[in-house]
Each structure stands twice: as structure tokens, then as C-alpha cells.
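See below for the structure under consideration.
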Amino acid sequence: MSLRELLSGVVPDKLSAALAVLLCSPARIVSVDGAWVMDDTPPLAENARRLPLAHDLETVGYLETTAKDEARVRAVTIIMESFMRSGARYFMASEMHIEVVKSDYEELQRKHAALAESEARYKALAENLEARVKEQVHTIASAHRQLYQAEKLASVGQLAAGVAHEINNPIGFIRSNLGTAQSYVQKFQSVAEPVRSSGNAALVSAWQAADLDFVLEDFPSLLQESVAGADRVARIVSDLKGISSVDKTEDEIVNLNDSIRSACNVAARQINDHADLELALGELPPLRCKAGHLGQVFLNLLLNAAQAMHKRGKIRIQSRADNEQIVILFSDTGCGIQPEVLPRIFDPFFTTRDVGSGIGLGLTVSRDIITAHGGSIEVSSELNVGTTFTIHLPIKQENR
Ligand SMILES: Nc1ncnc2c1ncn2[C@@H]1O[C@H](COP(=O)(O)OP(=O)(O)OP(=O)(O)O)[C@@H](O)[C@H]1O
Ligand SMILES: [Mg+2]
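Structure (C-alpha cells):
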């Protein structure tokens, strides 16, 4: 312990002056190296004596004085050393006090930090909870909308499934009978020439009266048209079933061009009444997706395009793909959308249709479905010129 520390608690101001009175001569206290002097007492005369001041058997400083009286000098040395002993006790006590206060303060700081941290954690948790609630509400609302449309389409699906069941059998034997009929016609055709060149006047005139040459010529194309018609009926029923099977929740791997063609078949009547359809479908990679749901999107966009035609126009569907995404564009030359309503067309229940002819969910559900596939749908439109919807769908590696 240094002299300065030993005297820190007990030495009053102007100690040297008091010692000088006791010693009847000038005095001052200095540290061992002489660097520290007790108070502002100036250096003493050359002949001053230096008497060691010991603490714990170690010299910690000196009493400098010019006093000659040995008894006084010894008494003052003893007083100084006892000052130092009580100073040492005071110093240790105050060190301990500081240590305790410091550790209390540190403990307080630790508790404060822990409290602040737990407060921050609760705050983050609350914010997180709020975001999750918002997200849940959004998911529920979107599921609800999808359910609404899904129910609508599912009832169509059920109807289609029932109709398909009823139609498939008759269509099957109609198709097969038409094939047989085609072979029968060939047999008739094979006897035409022998009849004509038979020389049997009655037979030839009966042949001509019945206009059998024309019949034999026309029959194959009638049958061909009927075959095409029967095939078309079968295809429409199966497409309708595919598109309305929105209750199917498993992913399928499909080529979206097929889904687009199916949607076109289902909407053929509405399209043909109002517009010419042009397909420019590029090569697409197979995509893992909810095919029924995407078919529903294509159908919604096609019906909207058909409904936008005030006079006969054109609907064009393009598809293309690069390594990362599939892009599909539905363009029409319909009435277009007013710029002020354009930002609202994806809103639930936004419709410009007459009461009873549209509920304004088609685009909302379409966007929900595209978003659920990680994609996006954008619109651009010019009033009285037309509208284009652009769909981007990511092709993730695991989606192939
Ligand atoms: N291709 C388009 N051309 C012009 N307007 C369009 C087109 N597509 C959508 N719209 C506008 O956006 C609105 C919302 O379309 P959305 O498909 O969501 O609902 P909707 O067709 O009115 O009703 P539904 O629920 O039967 O589909 C339509 O009422 C129409 O005003
Ligand atoms: Mg619609």
C-alpha cells in the first residue's frame, strides 16, 4: 500500500503545519521516492532530517524535519504510523465498500439487461403474432374465396361427371357404329361401278332415281363429320371434368398447353359466339402443379375475354418458357378496362357486370391460385383497344 493510500482517509489539510507546531520546527511528509508530498509545504532546508515511516515493517515514506528534539520527533513518528494504520483500515473498508457497491451495480445492470432482453423478446413475439394472425386471416379469406368458386365448379364437376357417365356409353357405341358404318359404305361403293356397268336398265334407272351416286359420295363425309362430332363431345365432357375437379388437392405433373386447350374446349361456345381464338403455344416443360386450379384460372380469363367483346374480336393465348419460368399471355381486343378501375379488378367482389351475371371473384381467385403456385399475374389494358393478362409461373427444379 502506498503512503498516499495509507493517509487518504485520516490526514487533514495542512498536516505539515500541525506537525511543525508539535515539533517546534518545520516538517513535511514525503513518499519513499520523494515524488509525493503530503501537502503544499515547500522543501525544507538542506540540513533537514529524514525519518522513515513504516507500515507493516516496510518503509513507505519519510518525515522530513529540522527538529532536534528526539523525543518529539519519535512521538510524531508514532502518531504518523498510527495514522497510517487507521488509514490502512479505512482504505480497506472503503475498497470493500466500493467492491460491494460495484458488484451490486453490476448485478443490477445484469438484471436490467436480462429484463430489457426479455422485453424485446416479448415485443418481437407480439409483433410476430400479429403478423401471423394477419397472414392467417389472409389465408382463410383466400381459402374461403376459393371454396366459394370451388363449390360452384364442383357442382358443375359433379354434373359433368354424371353427364360423362351417361354420355360415355352411348358415345362409345355411336363411335364404334360409325366406324362399322364407314366400312359398310365402302362395301356399297365397291358395288357402284358393277351396277352402273351391268346393262340392267331398271337397276340403273332406280340407282339414278335414288341419286345413289351422290349418296355414296356424300355419305363418307357425313360419317366423318359425325365421328369428329362424337370425338368432340367425348373430349368436352372429359375437359369439363378435368377443369371442375378443383376439389383435387394433390399435385399433378402436366403440360400447361394441354390445360389451356382444355379450357378453350370448355369455353368454346362462349368464345365462338364473340371472338376468333388464336393459340400460339410454345414448347413448355412439364410442371408439377394443381392442374385443376390452373385450368380454373385459364377458364376465368377466357370467359372474361369473351365477355369483354362488344363486337366480334380476337382472343390470343401465347405460352413460352425459359429455364426459370413459364409465361402465359391472354390478350383480347375487347372493351378494355378504365384506368381508374384497373387497380381494383383483382379485389374480391369487384365487378362491372349486371346484377346476377358476375360476382367479381374470378380474378381474385385466379390471383390466389397463381400466388399459391409462387407466381404472379399482371394486367395491362387500353380502353376500347383490349386487355392482356400475363401469368408468370416459376419452374422450380423439384416442380419438374
Ligand atoms: N379481359 C377483360 N376485359 C375487360 N374487363 C375485364 C376483363 N377481365 C376482367 N375485367 C373486369 O374486371 C372485373 C372483375 O373480373 P372478375 O373475373 O374478377 O369478376 P367478374 O367477371 O365480374 O365476375 P365472376 O366472379 O363471374 O368472374 C370484371 O367485372 C370486368 O369489369
Ligand atoms: Mg370473371
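Those letters in the sequence shown? Residues 883 to 1282, by our numbering.
Backbone N, C-alpha and C define an ideal beta-carbon position, used for all residues, glycine too.
List the DSSP bridge partners of residue i.
i	result
Pro1168	Answer is none; Pro1168 lacks a bridge partner.
Gln1200	Ala1162 and Leu1211
Val1136	Leu1169
Ile1259	Ile1273
Ile911	Leu945
Glu1264	Gly1268
Gly1054	According to DSSP, which records beta bridges pairwise, Gly1054 is partnered with nothing at all.
Gly1195	Ala1157
Under 6 angstroms: does the beta carbon of residue i sit that close to some heavy atom of ligand 2?
i	result
Gly1216	no
By the DSSP assignment, the beta strand (DSSP E) with residue i in it spans what residues?
i	result
Glu1249	For clarity, residue 1249 is Arg in the given sequence; the question names Glu instead. Here Arg1249 belongs to no beta strand (DSSP E); instead the alpha helix (DSSP H) covers Gly1244 to Ala1254.
Glu946	Glu940 to Thr947
Ser1080	Here Ser1080 belongs to no beta strand (DSSP E), and DSSP marks it neither H nor E.
Val919	No beta strand (DSSP E) holds Val919; DSSP gives it neither H nor E.
Leu933	Arg931 to His937
Could you pull the start and end residues of the alpha helix (DSSP H) that residue i belongs to?
i	result
Phe1271	That residue, Phe1271, is in no alpha helix (DSSP H); its beta strand (DSSP E) goes Gly1268 to Pro1276.
Leu885	Leu885 to Leu888
Arg1151	Ala1150 to His1156
Ala900	Leu897 to Leu905
Are the C-beta atoms of residue i and some chain D residue less than 7 angstroms apart?
i	result
Ser913	Looking for chain D here will not work: only one protein chain is present.
Ligand 1 and residue i: does the residue's C-beta get closer than 6 angstroms to at least one heavy atom of that ligand?
i	result
Gly1242	yes
Ala1190	yes
Arg1143	no
Thr1269	yes
Arg1235	yes
Ile1208	no
Ile1219	yes
Ile1227	yes
* **Shell residues, 6 angstroms Cβ cut-off relative to heavy atoms of ligand 2** => Asn1182, Leu1185, Asn1186, Gly1240 and Gly1244
* Using 8 angstroms as the Cβ pair cut-off and three pairs as the minimum, do the segment 1178 to 1197 and the segment 1227 to 1245 touch? -> Flag = yes, the segment 1178 to 1197 and the segment 1227 to 1245 touch.
* **Three-pair Cβ contact test at 8 angstroms for the segment 1205 to 1217 versus the segment 1268 to 1277** => Because the criterion of three Cβ pairs below 8 angstroms is met, the segment 1205 to 1217 and the segment 1268 to 1277 touch.
* Asked: Per the contact definition of three or more C-beta pairs closer than 8 angstroms, is the segment 908 to 915 in contact with the segment 989 to 998?
  -> Short answer: they don't touch.
* Asked: Does the segment 1252 to 1260 touch the segment 1216 to 1225, meaning 3 or more C-beta pairs lie closer than 8 angstroms?
  -> no
* Quick one: any contact between the segment 1098 to 1110 and the segment 1132 to 1149, if contact means 3 or more CB pairs under 8 angstroms? -> Verdict: no, contact absent.
* Please confirm if the segment 971 to 980 is in contact with the segment 923 to 931, defined as three or more CB-CB distances below 8 angstroms between the two stretches. => no
* On the three-pair Cβ rule with 8 angstroms, is the segment 1192 to 1207 touching the segment 1158 to 1172? -> yes
* Any 3 or more C-beta pairs closer than 8 angstroms across the segment 1080 to 1091 and the segment 1013 to 1029 -> no
* To do: Decide if the segment 1147 to 1156 is in contact with the segment 1069 to 1082; the criterion is three or more beta carbon pairs, one per stretch, under 8 angstroms apart.
  => no
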